[in-house]
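Q: Sharing a structure here in structure tokens format.
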Amino acid sequence: MSNLGPKKKGRSAINEVVTREYTINIHKRIHGVGFKKHAPRALKEIWKFAMKEMGTPDVLIDTRLNKAIWAKGIRNVPYPLRW
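Printed below as a string of structure tokens:
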């Protein structure tokens, strides 16, 4: 026998999409990281920054932001980035 209980009625987070524009200093966040990990680490740091600023774990990185990070290759990530 299953315990179903009352169902929660909540709104989906997708309906409440919020976008904000920040300038992120990527340079200080990838300092000391090996060259071949610059772009992947930059994306992880942007994701962590967005989680902290937005106060939610539901963070999606826009494809244009991803392409801007990877535009100069894995090693040469742009240092300040306004997005």
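Numbering-wise (UniProt numbering), the sequence shown opens with residue 1 and increments by one.
For each residue, glycine too, the CB sits at the ideal point set by N, CA and C.
Since this is a predicted model, take the numbers as computed values, not measurements.
According to DSSP, simplified to helix, strand and coil, what is R29?
A: For the purposes of this step, residue 29 is identified with residue 29 of the sequence shown, where counting begins at 1. Residue state, collapsed to three classes: helix.
Q: If you reduce the DSSP assignment to three classes, tell me which class R75 lands in.
A: The residue labelled residue 75 in the question sits at position 75 within the sequence shown. Correct three-state label for R75: coil.
Q: Could you tell me which residues DSSP pairs with L65 in its beta bridges?
A: If you number the sequence shown from 1, residue 65 lands on position 65. Answer is none; L65 lacks a bridge partner.
Q: Within 10 angstroms of its Cβ, does V17 collect 16 or more other Cβ (buried), or is it exposed?
A: The residue you call residue 17 lines up with position 17 of the sequence shown. It counts as exposed.
Q: Grab the span of the alpha helix (DSSP H) containing L43 for me, first residue to last.
A: Here the question's residue 43 lines up with position 43 in the sequence shown. Note, L43: alpha helix (DSSP H), 38-54.
Q: Spatial neighbours of M51 within its chain, please: C-beta separation below 7 Å, excluding the five flanking residues on both sides.
A: Within the sequence shown, numbered from 1, the residue matching residue 51 stands at position 51. Within the same chain, Cβ atoms closer than 7 Å to the Cβ of M51 are found at P57, V59, the five residues on either side in sequence being excluded.
Q: For L81, list the residues DSSP reports as bridge partners.
A: Residue 81 sits at position 81 when you count from the first residue of the sequence shown. L81 pairs with I24.
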